[in-house]
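Visitor: One structure follows; several queries about it will come next.
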Amino acid sequence: MAEPATATQAAAPVVALLKDELDIVIPTIRNLDFLEMWRPFFQPYHLIIVQDGDPSKTIKVPEGFDYELYNRNDINRILGPKASCISFKDSACRCFGYMVSKKKYIFTIDDDCFVAKDPSGKAINALEQHIKNLLSPSTPFFFNTLYDPFREGADFVRGYPFSLREGVPTAASHGLWLNIPDYDAPTQLVKPLERNTRYVDAVLTIPKGTLFPMCGMNLAFNRELIGPAMYFGLMGDGQPIGRYDDMWAGWCTKVICDHLGLGVKTGLPYIFHSKASNPFVNLRKEYKGIYWQEEIIPFFQQAVLPKDCTTVQKCYIELAKQVKEKLSKVDPYFDKLADAMVTWIEAWDELNPTGPVPNGKAA
Amino acid sequence: RTLRAGKLTERVLKLFIATGKDEVFSLIQALNIQVTVTPVLPTRALRPDLTSFMNEWRTIFSRFHLIIVKDPDLKEELKIPEGFNLDVYKKPDIDRVVGTSTSTIFSGYSCRYFGYLVSRKKYIISVDDDCYPAKDNKGILVDAVAQHITNLTTPATPFFFNTLYDPFTEGADFVRGYPFSLRSGVQCALSCGLWLNLADYDAPTQALKPEERNSRYVDAVLTVPARTLMPISGINIAFNREVIGPALLPSLRLGGEGKFRWETMEDIWSGMCVKVVCDHLGLGVKTGMPYVWRNDRGDAIASLRKEWEGVKLMEEVVPFFQSVRLSREATTTEDCVAEVANVVKEQLGTKDPMFARAAKAMLDWVKLWKSVGSSTSSPGA
Numbered sequence: 001m002a003e004p005a006t007a008t009q010a011a012a013p014v015v016a017l018l019k020d021e022l023d024i025v026i027p028t029i030r031n032l033d034f035l036e037m038w039r040p041f042f043q044p045y046h047l048i049i050v051q052d053g054d055p056s057k058t059i060k061v062p063e064g065f066d067y068e069l070y071n072r073n074d075i076n077r078i079l080g081p082k083a084s085c086i087s088f089k090d091s092a093c094r095c096f097g098y099m100v101s102k103k104k105y106i107f108t109i110d111d112d113c114f115v116a117k118d119p120s121g122k123a124i125n126a127l128e129q130h131i132k133n134l135l136s137p138s139t140p141f142f143f144n145t146l147y148d149p150f151r152e153g154a155d156f157v158r159g160y161p162f163s164l165r166e167g168v169p170t171a172a173s174h175g176l177w178l179n180i181p182d183y184d185a186p187t188q189l190v191k192p193l194e195r196n197t198r199y200v201d202a203v204l205t206i207p208k209g210t211l212f213p214m215c216g217m218n219l220a221f222n223r224e225l226i227g228p229a230m231y232f233g234l235m236g237d238g239q240p241i242g243r244y245d246d247m248w249a250g251w252c253t254k255v256i257c258d259h260l261g262l263g264v265k266t267g268l269p270y271i272f273h274s275k276a277s278n279p280f281v282n283l284r285k286e287y288k289g290i291y292w293q294e295e296i297i298p299f300f301q302q303a304v305l306p307k308d309c310t311t312v313q314k315c316y317i318e319l320a321k322q323v324k325e326k327l328s329k330v331d332p333y334f335d336k337l338a339d340a341m342v343t344w345i346e347a348w349d350e351l352n353p354t355g356p357v358p359n360g361k362a363a
Numbered sequence: 001r002t003l004r005a006g007k008l009t010e011r012v013l014k015l016f017i018a019t020g021k022d023e024v025f026s027l028i029q030a031l032n033i034q035v036t037v038t039p040v041l042p043t044r045a046l047r048p049d050l051t052s053f054m055n056e057w058r059t060i061f062s063r064f065h066l067i068i069v070k071d072p073d074l075k076e077e078l079k080i081p082e083g084f085n086l087d088v089y090k091k092p093d094i095d096r097v098v099g100t101s102t103s104t105i106f107s108g109y110s111c112r113y114f115g116y117l118v119s120r121k122k123y124i125i126s127v128d129d130d131c132y133p134a135k136d137n138k139g140i141l142v143d144a145v146a147q148h149i150t151n152l153t154t155p156a157t158p159f160f161f162n163t164l165y166d167p168f169t170e171g172a173d174f175v176r177g178y179p180f181s182l183r184s185g186v187q188c189a190l191s192c193g194l195w196l197n198l199a200d201y202d203a204p205t206q207a208l209k210p211e212e213r214n215s216r217y218v219d220a221v222l223t224v225p226a227r228t229l230m231p232i233s234g235i236n237i238a239f240n241r242e243v244i245g246p247a248l249l250p251s252l253r254l255g256g257e258g259k260f261r262w263e264t265m266e267d268i269w270s271g272m273c274v275k276v277v278c279d280h281l282g283l284g285v286k287t288g289m290p291y292v293w294r295n296d297r298g299d300a301i302a303s304l305r306k307e308w309e310g311v312k313l314m315e316e317v318v319p320f321f322q323s324v325r326l327s328r329e330a331t332t333t334e335d336c337v338a339e340v341a342n343v344v345k346e347q348l349g350t351k352d353p354m355f356a357r358a359a360k361a362m363l364d365w366v367k368l369w370k371s372v373g374s375s376t377s378s379p380g381a
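Chains as they are written, first to last, in the working numbering: chain A, 1 to 363; chain B, 1 to 381.
Below, the structure written as structure tokens:
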């Protein structure tokens, strides 16, 4: 099972769910050859490519894909001074793609992620599974021991209150990775040969009040429900930290989802992660994060949002305030980050001017 | 004599072995004493003929000491095949140990709690007698006992969710973003297994989908996060008796409780207590593998009327347990259970006499545990 799927072109014609309601956001610095493999699953959809690094380089997009591409010059042009909140020389820049999208749903994937095979050898249409996850409810208030009760062949178990069986809207779907697992640098150094070969056939809702490490490699979300919370922070060039972009977005997103009564799912789909980044480079990027996360996590675990935060933007601004108050003492970086969080919301609202829509109910 | 007196503990055994004497070793072998922790299997016998059940489990169970508890309401004689190391407890035995007035709490599925009470082993594994060993995705027979023991003897991680599930299993680890200070985990007190074929659905659900069978083998064990509650089924569970024994208890009895699983809620109620206590004491609860194969039994539609009561109850029970907060002073499992019982009495007892009875049963159980169940009560954390 430690091989990507081949011959996906031979796959049966796919019914492209949400074809006109979903954008695929891909950050890249090298090339987009990986799209060839995804072609049967991705071609019906619109792509937003966020080109990081040198803007004078031309990124070749395979024929036949409908896309828009933004490099650093475009980001600076579109956002002006607010472009400071978008990271440079880090895949965190992908969140610019979320901001400029006009669709209801986003799927984001890294350019070293390929199509995986399920245990029967069939190529996995990851996008289709994410859509299924997003379109079916989550169950964050009580844990179902048979995992996602809305999947075929499963249901709520004995003892699950009927009043909770409707579930809540799903804001995010977090997929997993076969082959190269998403380990931090120390773990990579200790276990350089470890590969994830375990296909866990489950989707589950992460319970309310529980935080998790959200990986941005294989992620989908409902932009209307939770988009503004998916800010991937200040990473990369000129920043003291890297590889914590998706983590930061994940903690903010989960706190806000818990507050607004929205669900986050994890588990299927799997993609095949082919490239292991250099662990020494990773260590240099992460090492501050490894210390800081000891403070950051209790901060998020204890974060309480006031009842009048009824929109994602209001929740996010409030979180930014709390970050400034409570985390600045850990490092002045958080002061900058808190400001960038506010800038992000301002930029989001500017580019998405329908105004804040109350999303869900405040818990 | 030492064995008969029940005084041969693991520690004493290790001392004997440490002598390095051949006679000691041959004696140990002759008596088939296991050095490793030996689970006890209280098997609730609802049907008299245990032959096929025991034979199906023989290769997995035969190494261990079994406790078979016969439902006091069952009239027929038990049929048990040869070749097992076991103790059987029937109504007269139960009466003798706890008294005839108390023995009524052990009827039906709750007879298993008697087994938990009288066992003196560290770990208990409990499987309903309508379950056989399952096969995994590769067609290999699942050693449910071994998996439960692995779950109980590796740490749990309730304070932060690991997206690759159990980080202590072969081929997995903590993912990027998992705080290092939380990577040593906490002791796992309870291991909740799952079921292939007939899943543990309530009667309305199974009646609505009479043909549905669980065929999905999910290759994962995960820790149930702290403060997250779930329905803990009694069909296939294991626990550390030393640490959490008193918290698995017979207390809630439905008015129309019957002899099929979907006509009971006793395990669900007990499980809510256990999780609250574990969360308070900083202990872990795992769920997932091992799977057992649960045989078809009973008629969901016929059970619908009986179990409706249990289904409605959960609307009260879940929010109640979600709100329970135990005091700082409750540092032992017994104290925690007593506190929960008092809160049940105060807040739920007034709504329905069934809860008042359950609260009293919980307090009685703590007393019973202290007198019959334990040599010493051990603090949880």
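We put the CB at the ideal spot given by N, CA and C, even for glycine.
Under 7 Å between beta-carbons, which chain A residues line up against V311/B? List them in chain order, please.
Guide: Your numbering for residue 311/B matches position 311 in the second sequence. Residues of chain A passing the Cβ test: F162.
Visitor: Determine, for K351/B, whether the minimum Cβ-Cβ distance to residues of chain A falls below 8 Å.
Guide: As a working note, residue 351/B is residue 351 in the second sequence. Closer than 8 Å: no.
Visitor: Checking contacts by CB at 8 Å: is G159/A closer than that to chain B?
Guide: Here residue 159/A is taken as the residue at index 159 of the first sequence, counted from 1. Taking Cβ atoms only, chain B reaches closer than 8 Å to G159/A, which makes this a yes.
Visitor: Can you look up W365/B in the DSSP assignment and give me helix, strand or coil?
Guide: Here residue 365/B refers to the residue found at position 365 when the second sequence is read from its first residue. The answer is helix: DSSP assigns W365/B an H, G or I state.
Visitor: Chain B partners of H174/A, CB-CB under 9 Å?
Guide: Against the first sequence, residue 174/A aligns to sequence position 174. Those are T163, listed as they occur along chain B.
Visitor: Kindly indicate which residue of P92/B, P290/B, F114/B and V69/B has the alpha-carbon position closest to the one of V145/B.
Guide: Working through the second sequence from its first residue, we reach residue 145/B at position 145. Of the candidates P92/B, P290/B, F114/B and V69/B, the one whose C-alpha sits nearest the C-alpha of V145/B is P290/B.
Visitor: Per the DSSP calculation, W372/A is bridged to which residue(s)?
Guide: There is simply no residue 372/A to check, as chain A begins at 1 and stops at 363 in what is shown.
Visitor: Could you pull the DSSP bridge partners for V285/B from this structure?
Guide: If you number the second sequence from 1, residue 285/B lands on position 285. Answer is L190/B, bridged to V285/B.
Visitor: CB-CB under 6 Å to A320/A, same chain, minus the five flanking residues each way: which ones, in chain order?
Guide: Taking the first sequence and counting its residues from 1, one reaches residue 320/A at position 320. Result list for A320/A: A338, M341 and V342, in chain order.
Visitor: In chain B, which residues lie less than 8 Å from K191/A when you measure between Cβ atoms?
Guide: Counted from its first residue, the first sequence places residue 191/A at position 191. Simply D173.
Visitor: What is the rounded straight-line gap between the Cα of R198/A and the Cα of Y183/A?
Guide: For the purposes of this step, residue 198/A is identified with residue 198 of the first sequence, where counting begins at 1. For the purposes of this step, residue 183/A is identified with residue 183 of the first sequence, where counting begins at 1. About 15 Å.
Visitor: Quick one: what does DSSP say E166/A is sitting in, helix, strand or coil?
Guide: Counting from 1 along the first sequence, the entry for residue 166/A is found at position 166. Residue state, collapsed to three classes: coil.
Visitor: Figure out for me which residue from K254/A, D201/A and S91/A has the closest Cα to the Cα of D219/B.
Guide: Within the second sequence, the letter at position 219 stands for residue 219/B. Minimum Cα distance to D219/B is reached at D201/A.
Visitor: As a quick exercise: from R39/A, L260/A and I48/A, pick the residue whose alpha carbon is nearest that of P62/A.
Guide: Within the first sequence, the letter at position 62 stands for residue 62/A. Measuring from the Cα of P62/A, the nearest candidate turns out to be R39/A.
Visitor: Unbroken alpha helix (DSSP H) runs of length 4 or more, entirely within the segment 246-329 of chain A: which are they?
Guide: As far as the segment 246-329 of chain A is concerned, its whole alpha helix (DSSP H) runs of at least 4 residues are 279-302 and 312-327.
Visitor: Does V175/B pass the burial test, meaning 16 or more other C-beta atoms within 10 Å, or should it be called exposed?
Guide: As a first step, residue 175/B is located in the second sequence; it is residue number 175 there, counting from the start. The residue in question, V175/B, is buried, as its Cβ has 16 or more Cβ neighbours within 10 Å.
Visitor: For T253/A and F221/A, I'd like the C-alpha separation in whole angstroms.
Guide: Here residue 253/A refers to the residue found at position 253 of the first sequence. Here residue 221/A refers to the residue found at position 221 of the first sequence. Going from the Cα of T253/A to the Cα of F221/A covers about 10 Å.
Visitor: Return the residue from the list K102/A, Y70/A and G80/A that minimises the CA-CA distance to T354/A.
Guide: As a first step, residue 354/A is located in the first sequence; it is residue number 354 there, counting from the start. Among K102/A, Y70/A and G80/A, the Cα nearest to that of T354/A belongs to K102/A.
Visitor: Suppose the cutoff is 7 Å on Cβ atoms and the five residues either side in sequence are ignored; what does the same chain contact list for M247/A look like?
Guide: Mapped onto the first sequence, residue 247/A falls at position 247. P213 and M214, listed in sequence order.
Visitor: Taking C-beta pairs closer than 8 Å, name the residues in chain A that M314/B reaches, listed in chain order.
Guide: Working through the second sequence from its first residue, we reach residue 314/B at position 314. In chain order: G159, Y160, P161 and F162.
Visitor: Enumerate, from N- to C-terminal direction, the unbroken alpha helix (DSSP H) stretches of 4 or more residues contained entirely within the segment 111-168 of chain B.
Guide: Segments of the alpha helix (DSSP H) lying fully in the segment 111-168 of chain B: 112-118 and 144-153.
Visitor: Check the C-beta distance from P155/B over to G193/B and give it rounded, since I have them as a contact under 8 Å.
Guide: In the second sequence, the residue the question calls residue 155/B occupies position 155. In the second sequence, the residue the question calls residue 193/B occupies position 193. With a Cβ gap of about 18 Å, P155/B and G193/B do not count as contacting.
Visitor: Any contact between the segment 121-137 of chain B and the segment 140-151 of chain A? By contact I mean 3 or more CB pairs, one from each, below 8 Å.
Guide: Judged by Cβ distances under 8 Å, the segment 121-137 of chain B makes no contact with the segment 140-151 of chain A, as fewer than three pairs qualify.
Visitor: Alpha carbon to alpha carbon, what distance is there between P353/B and F53/B?
Guide: By one-based count along the second sequence, residue 53/B stands at place 53. By one-based count along the second sequence, residue 353/B stands at place 353. When rounded, the distance between both Cα atoms is 38 Å.
Visitor: According to DSSP, what are the bridge partners of W262/B?
Guide: Here residue 262/B refers to the residue found at position 262 when the second sequence is read from its first residue. For W262/B, which the question treats as bridged, DSSP gives no partner whatsoever.
Visitor: By how many angstroms is the C-alpha of L117/B removed from the C-alpha of I68/B?
Guide: The count along the second sequence starts at 1 and reaches residue 68/B at position 68. The count along the second sequence starts at 1 and reaches residue 117/B at position 117. Cα to Cα, I68/B sits roughly 12 Å from L117/B.
Visitor: At a cut of 8 Å, does the segment 68-80 of chain A reach the segment 41-55 of chain A through at least three beta carbon pairs?
Guide: These segments touch.
Visitor: By the 10 Å Cβ neighbour count, where 16 or more other Cβ atoms means buried, how is N137/B classified, buried or exposed?
Guide: As a position in the second sequence, residue 137/B is number 137, starting the count at 1. Burial call: exposed.
Visitor: Using CA atoms only, rank isn't needed, just tell me which of P27/A, V312/A and F299/A is closest to V323/A.
Guide: Numbered from its first residue, the first sequence carries residue 323/A at position 323. Closest by alpha carbon: F299/A.
Visitor: Is DSSP giving Y98/A helix, strand or coil here?
Guide: Counted from its first residue, the first sequence places residue 98/A at position 98. Residue state, collapsed to three classes: helix.
Visitor: If we define contact as Cβ-Cβ less than 8 Å, is T354/A a contact residue for chain B?
Guide: As a working note, residue 354/A is residue 354 in the first sequence. No, its Cβ sits nowhere closer than 8 Å to a Cβ of chain B.
Visitor: Is there a Cβ of chain B sitting closer than 8 Å to that of Q129/A, yes or no?
Guide: Translated into positions along the first sequence, residue 129/A becomes position 129. Chain B contact via Cβ: absent.
Visitor: What are the partner residues of D49/B, as DSSP defines its beta bridges?
Guide: Residue numbering aside, residue 49/B sits at position 49 when the second sequence is read from its first letter. In DSSP, D49/B forms a bridge with K79/B.
Visitor: Considering K132/A, what are the terminal residues of the alpha helix (DSSP H) in which it resides?
Guide: Residue numbering aside, residue 132/A sits at position 132 when the first sequence is read from its first letter. Segment A126 to L135, the alpha helix (DSSP H) holding K132/A.
Visitor: Between L304/B, E346/B, I80/B and S119/B, which has its C-alpha nearest V324/B's C-alpha?
Guide: Counted from its first residue, the second sequence places residue 324/B at position 324. The residue with the shortest Cα to Cα distance from V324/B is E346/B.
Visitor: Identify, in the order they occur along the chain, each residue of the same chain with its Cβ nearer than 8 Å to the Cβ of P137/A, setting aside the five sequence neighbours on each side.
Guide: Taking the first sequence and counting its residues from 1, one reaches residue 137/A at position 137. Only F150, E166, G167, V168, P169, T170 and G263 meet the Cβ criterion.
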